[in-house]
Amino acid sequence: PTLFLAKHHKMYISVTGLQLKSIWSYPAFFRYAIPSKIQSQNAKGNLLTKTTTARHHVQHTLSVWESKADMLAFMRSGAHIQAMKATSKLSPPNGTKVYGYESEVIPTWEEALALLDKN
Numbered sequence: 797p798t799l800f801l802a803k804h805h806k807m808y809i810s811v812t813g814l815q816l817k818s819i820w821s822y823p824a825f826f827r828y829a830i831p832s833k834i835q836s837q838n839a840k841g842n843l844l845t846k847t848t849t850a851r852h853h854v855q856h857t858l859s860v861w862e863s864k865a866d867m868l869a870f871m872r873s874g875a876h877i878q879a880m881k882a883t884s885k886l887s888p889p890n891g892t893k894v895y896g897y898e899s900e901v902i903p904t905w906e907e908a909l910a911l912l913d914k915n
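This is the structure in structure tokens:
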């Protein structure tokens with residue numbers, strides 16, 4: 797079910813997808829992904845971080861933030877910026893997709909992935 801955090805409180809929702817080049821990319825991916833997820837969960841303004849590989853072997857992240865500024869501060873620092881720098885080694889060209897938006901509700905995985913596909 798869709799989760800409501802607070803009435804009339806806009807949150808920033810970020811949905812990402814990363815396709816890996818091959819099965820051999822998984823060890824390097826997890827070397828970056830695990831510290832990045834821990835960083836996200838402890839970052840200022842983070843309300844939720846979830847990950848899944850539910851479809852097409854694409855690594856997905858759903859994160860919810862108090863503001864876009866909080867998400868950008870996380871994205872541009874620490875383990876996450878190191879992971880972003882490694883993306884071209886791990887993912888084929890056009891193998892990443894990101895969609896961010898403001899909302900008063902936290903989407904389900906199904907809703908989040910539908911929005912990622914649509915946008």
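All the letters of the sequence shown, read from the start, carry residue numbers 797 to 915 under my numbering. Glycine included, every Cβ here is placed at the ideal spot set by N, Cα and C.
{"Asked": "DSSP has residue 858 in a bridge; who is on the other side?", "Found": "811, 846"}
{"Asked": "Between residue 833 and residue 845, what straight-line distance do the alpha-carbon atoms span, to the nearest angstrom?", "Found": "7 Å"}
{"Asked": "How would you write the range of the alpha helix (DSSP H) that residue 874 sits in, first residue to last?", "Found": "874-886"}
{"Asked": "When the Cα atoms are used, what is the spatial distance from residue 821 to residue 827?", "Found": "10 Å"}
{"Asked": "Quick check on residue 864: does DSSP put it in helix, strand or coil?", "Found": "helix"}
{"Asked": "Skipping 5 residues on each side, what residues in its chain have a beta carbon closer than 6 Å to that of residue 810?", "Found": "859, 867, 896"}
{"Asked": "Thinking C-alpha only, which one of 902, 888, 857, 882 is nearest residue 806?", "Found": "902"}
{"Asked": "According to DSSP, is residue 806 part of a helix, a strand, or is it coil?", "Found": "coil"}
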